[in-house]
Amino acid sequence: MATRQVARSGLPLMNIVRMKGVPILKQLEIEECLLRTSSDNWCIINDGTDKPNIVMGISGKPAELVEIRPVLEDKIPVIRRFTGGGTVIVDHGTVFVSFICNKNDVADVQPYPRPIMSWSSLLYSQVFQGIADFRLRENDYVFGLRKFGGNAQSITKNRWIHHTSFLWDYEARNMSYLKHPQRAPEYRLARDHLDFICPMKDYISRSDFIRKTIDAAGNHFSVESTEFEAVKSPANMKFTPTSRLLTNHELEAAGKTSIL
Amino acid sequence: MALRIWASSTANALRLSSSSATRPHFSRCFSSVLDGLKYANSHEWVKHEGSVATIGITHHAQDHLGEVVFVDLPETGSSVSKATGFGAVESVKATSDINSPISGEIVEVNSKLSETPGLINSSPYEDGWMIKVKPSNPSELESLMGAKEYTKFCEEEDAH
Chain P
1 MATRQVARSG LPLMNIVRMK GVPILKQLEI EECLLRTSSD NWCIINDGTD
51 KPNIVMGISG KPAELVEIRP VLEDKIPVIR RFTGGGTVIV DHGTVFVSFI
101 CNKNDVADVQ PYPRPIMSWS SLLYSQVFQG IADFRLREND YVFGLRKFGG
151 NAQSITKNRW IHHTSFLWDY EARNMSYLKH PQRAPEYRLA RDHLDFICPM
201 KDYISRSDFI RKTIDAAGNH FSVESTEFEA VKSPANMKFT PTSRLLTNHE
251 LEAAGKTSIL
Chain R
1001 MALRIWASST ANALRLSSSS ATRPHFSRCF SSVLDGLKYA NSHEWVKHEG
1051 SVATIGITHH AQDHLGEVVF VDLPETGSSV SKATGFGAVE SVKATSDINS
1101 PISGEIVEVN SKLSETPGLI NSSPYEDGWM IKVKPSNPSE LESLMGAKEY
1151 TKFCEEEDAH
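Protein chains in written order, with this note's numbering: chain P, 1 to 260; chain R, 1001 to 1160.
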């Protein structure tokens, strides 16, 4: 059993890794490796990714979620990630924040989806206090009725990850690559994507958001900075990540399915 | 304690649903634990009949996970090890590992779950079974919990 790392404050330790423009597939590989092979707590912050990517949840079917023809024509990568949840298109305007925790270091939170989601919303309510009408609505972060952050999780026996893609800014045309999903939150009603989401930049700067998120994490953990170099290559060479890029062949086959 | 009360009241203010907050979980937990099965502390059950052990997740687990929308199970013929993950379920926005209570070889996988993953919610101990295993070390069953012990385990976990 790993020794629980506790700072002098009595709070469990959390390593903060700040990245900028790291490809989202690389970020997912790092996160899954840390979830499965590390015994430490981590907060991964990636300030934008290098180019537009579509990222589906573990059970995502491209025929149902993605406009295959334009995605293939415009060569937009489509990734299936290791966590659950829905489909997003991410780019340099997306800010990613991921919490990887030992369940025993967040002992008041049962290691199930809804308690973890609730815990995360309490943390972010501290970030947005006095700034905007933030709330967790169903499983999304919203300002009022507009979504600005999508969440996903993976829960193992003793650890969990809760990660979020925040729409600090986005290009409207990129949203047209995504279909209206069959499973949508009730509060979305029948709104088109662009009427359903909103950019965070209207409320807070990138640097303030990141700073306040780290401050909020500091209310629950004793935070320490860790360099990206320390995590970018898996320490455990036996670990194989499960997030992967879908091939053109798979997308073309999905495209044929969607027109049948 | 203060943090839990604050979190609970804030959760209510945010109108966040919590199954354990809305139902009398003591009676629910007791009535949803079956005699004759063995239970792991990661909320899987085992039914040992002859040379085969059937494995699934408990009512407590499916209740806390929420609606299951996808199940990822291994192939027949592969091995499982005690307390190690063999698959996952997706619910809400999460994938959650399923851990095997015992070691052995998988002899059958419930193919119905690919089309109807909700069987895990509606019938966790019967139609929602996940794998059947030929145990390689039947003595592992002795270290698992019985119904009464598992009921108490659930109550203590939900009390936190």
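We put the CB at the ideal spot given by N, CA and C, even for glycine.
Report task. Specify the secondary structure class of P113 of chain P as computed by DSSP and reduced to three states. Result -> helix
Requested in this report: Specify the secondary structure class of I76 of chain P as computed by DSSP and reduced to three states.
Outcome: coil
Query raised in the report: So who's on the other strand from D91 of chain P, going by DSSP bridges?
Result: None; D91 of chain P has no bridge partner.
Requested in this report: Compare the beta carbon distance of P1117 of chain R and V1068 of chain R with 8 Å and say whether it is the shorter of the two.
Outcome: yes
Query raised in the report: For a contact meaning CB atoms closer than 7 Å, what does K1093 of chain R contact in chain P?
Result: G84, G85, P113, N139, N151, A152 and Q153
Query raised in the report: Quick one: which chain P residues come within Cβ less than 8 Å of V1068 of chain R?
Result: Here the premise fails: no neighbours, minimum Cβ distance about 10 Å.
Requested in this report: Have a look at S233 of chain P and P23 of chain P and give me their C-alpha separation to the nearest angstrom.
Outcome: 14 Å
Report task. Would you list, in chain order, the members of the stretch 98 to 122 of chain P that have their beta-carbon closer than 9 Å to a beta-carbon of chain R? Result -> A107, D108, V109, Q110, P111, Y112, P113, R114, P115, I116, M117, S118, W119, S121 and L122
Query raised in the report: According to DSSP, is K1134 of chain R helix, strand or coil?
Result: strand
Query - Between the CA atoms of R36 of chain P and Q5 of chain P - distance to the nearest angstrom - result: 18 Å
Query raised in the report: Three-state secondary structure (DSSP) at N102 of chain P?
Result: strand
**Report entry** Whole-number beta carbon distance between T1054 of chain R and H1043 of chain R, since they are thought to touch under 8 Å
**Finding:** Wrong, their Cβ atoms sit about 16 Å apart, outside the cutoff.
Query - 8 Å Cβ cutoff, H1059 of chain R in contact with chain P - result: no
Query raised in the report: Comparing the C-beta of I58 of chain P with each C-beta of chain R, is any distance below 8 Å?
Result: yes
Query raised in the report: What residue ranges within the stretch 1095 to 1140 of chain R form continuous beta strand (DSSP E) runs of no fewer than 3 residues, ordered along the chain?
Result: 1104 to 1109 and 1131 to 1135
Requested in this report: Could you say which of P:V97, P:N104, P:D108 and P:A107 lies nearest to V127 of chain P if we only look at CA atoms?
Outcome: P:V97
Requested in this report: Taking only heavy atoms of the ligand MG into account, decide whether any of them is closer than 7 Å to the Cβ of L1034 of chain R.
Outcome: Of ligands this structure carries none, so the ligand MG is not represented either.
Query raised in the report: Beta-carbon separation of G1066 of chain R and S1091 of chain R under 8 Å?
Result: yes
Query raised in the report: Do you know how far the Cα of S1081 of chain R is from the Cα of Q1062 of chain R?
Result: 22 Å
Query raised in the report: Going along the chain, which residues of its own chain have a beta-carbon closer than 8 Å to the beta-carbon of N151 of chain P, five neighbours each way excluded?
Result: G85, M117, S120, N139, D140, Y141, H162, H163 and T164
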